[in-house]
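Trainee: Note that my numbering has the sequence shown beginning at 284, numbered continuously upward.
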Amino acid sequence: MCLARGYWSLLVTKMPGTDLAQELRRLEDFVAKVQHESNSDTVKQDHRDIYSFIEEKVLSPKSELVNEVPPLWLVIYTIDSILRPTLAQDQIPDLLDLLATAEFYRGRSLDKARDAVTWSDYYQRPERRKEGRPLTSSQRIELLSLEENKHLWRKVYLTLVRRFCHLDLYFLWTAKSPSITDFFVRFNEYFPFLTSSRSGSPRLFYKGLSYEERLELGETATECCNFAQNTVQWALDQQRDSTLPMNELFHTQEFRETFPLPDDLESISEDTQKYLNWTQLSMRIVMKAFQDDI
């Protein structure tokens with residue numbers, strides 16, 4: 284089937300130069316090798332080498348990729364680095380942007396899958412069979428599975444966004460040196476539709492949300508507001524019998540028992556990995572359909 288013309292557009296919106304493309308492929312192989320190594324000292328040095336490459340070749344203002352969508356494998360590697368061995372709390376906003384980038388790839392895969400099925404149907408016509416080769420039955424089933432599961436994985440993605448927003452605001456509110464300003468700045472970034480002074484958000488996940496999805500996100504905003512109000516009331520009640528200042532009361536065992544983390548960190552990490560695995564599989568299914576004709 285003549286699908287090759289759209290193959291590379293799955294990777295980045297504009298392909299990097301030959302030298303950088305080769306370096307990215309070498310880095311991809313290197314990352315795959317690091318993920319299977321067991322020597323902790325070697326792995327630490329390898330990760331440092333990877334970070335150095337990313338800073339120089341991807342994040343630098345002079346990089347060819349600075350205004351392009353990074354490769355999916357690099358997005359997944361970076362997310363994994365934030366999640367493991369323990370969640371890097373201060374990087375949750377970056378993680379949310381990376382998740383939005385992964386969702387972009389899932390959406391592109393879905394678009395390409397639809398195109399492939401449409402062209403296959405076209406080539407199935409008797410008068411068009413000489414012009415191209417239609418999909419095999421197994422390819423068609425795999426591509427159609429992406430369409431059949433699109434609502435499920437969109438829901439998974441949105442749920443992850445809500446969970447990480449909730450966690451991030453919990454961590455900000457209960458920080459060792461809490462800042463109400465930091466909390467509300469982040470709150471407005473995550474839920475700009477709740478304030479009269481802001482209509483947009485710098486966070487990538489906010490772009491492309493439907494009206495219904497914003498309503499769901501608003502439920503998380505309400506939960507975070509209720510949490511903040513309840514903790515303040517709890518602390519005021521505690522101060523009647525305690526000499527501790529309010530911010531120190533937030534770090535007591537009683538506080539943690541009354542207001543536990545809104546999510547299990549291992550659970551959210553595992554669920555994120557499942558989502559990324561599906562996104563990666565979606566890419567592979569579509570790219571294989573393109574590669575078979577190259």
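For glycine and all other residues, C-beta sits at the position ideal for the given N, C-alpha and C.
Since the structure is predicted, the reported quantities are computational estimates derived from the model, not experimental observations.
1) Buried or exposed, going by whether 16 or more other CB atoms sit within 10 Å of the CB of K571?
2) With DSSP run on the structure shown, which of helix, strand or coil describes P475?
3) Closest to E311 by CA distance: which of Y360, S525 and S335 is it?
4) Do three or more CB pairs link the stretch 458-473 to the stretch 383-398 at distances below 8 Å?
5) Assign W538 to one of three DSSP states: helix, strand, or coil.
6) Look at Q521 and E537 and say whether their C-beta atoms are less than 9 Å apart.
7) At which residues does the alpha helix (DSSP H) containing G501 begin and terminate?
8) Going by beta carbon distance, what residues of the same chain come within less than 8 Å of I337, once the five residues before and after it are set aside?
9) Between the C-alpha atoms of E351 and T419, what's the straight-line distance to the nearest angstrom?
10) Based on Cα-Cα distance, which residue from P545, C508, P461 and D451 lies nearest to L532?
11) Tell me the rounded alpha-carbon separation between N560 and D363.
12) Measuring straight from C-alpha to C-alpha, what distance separates P354 and K459?
13) Comparing alpha-carbon positions, which option in T369, K438, R331 and L307 lies nearest S552?
14) For the 8 Å Cβ check, are there 3 or more pairs between the stretch 540-555 and the stretch 486-501?
15) Quick test of the definition: if touching needs 3 or more C-beta pairs under 8 Å, does the stretch 437-456 touch the stretch 490-508?
16) Quick check on P528: buried or exposed, where buried means 16 or more other Cβ atoms within 10 Å of its Cβ?
17) Rounded to a whole number of angstroms, what is the C-alpha to C-alpha distance between R469 and D380?
18) Tell me whether the beta-carbon of L450 lies closer than 9 Å to the beta-carbon of I568.
19) Within this structure, are the beta carbons of S565 and L378 separated by less than 9 Å?
20) Using CA coordinates, which residue listed in W402, K490 and Q556 is at the minimum distance from W436?
21) Please classify W456 as buried or exposed, where buried requires at least 16 neighbouring CB atoms within 10 angstroms.
22) For the alpha helix (DSSP H) that R389 lies in, which residues bound it at each end?
23) Under a three-way DSSP split, which group does S525 fall into?
Mentor: A quick look at the data gives this:
1) exposed
2) helix
3) Y360
4) no
5) Residue 538 is actually Phe in this sequence, not Trp. DSSP places F538 in helix when its eight states are reduced to three.
6) yes
7) Y494 to Q521
8) L357 and T361
9) 33 Å
10) P461
11) 12 Å
12) 36 Å
13) T369
14) no
15) yes
16) exposed
17) 14 Å
18) no
19) no
20) Q556
21) buried
22) I375 to Q407
23) coil
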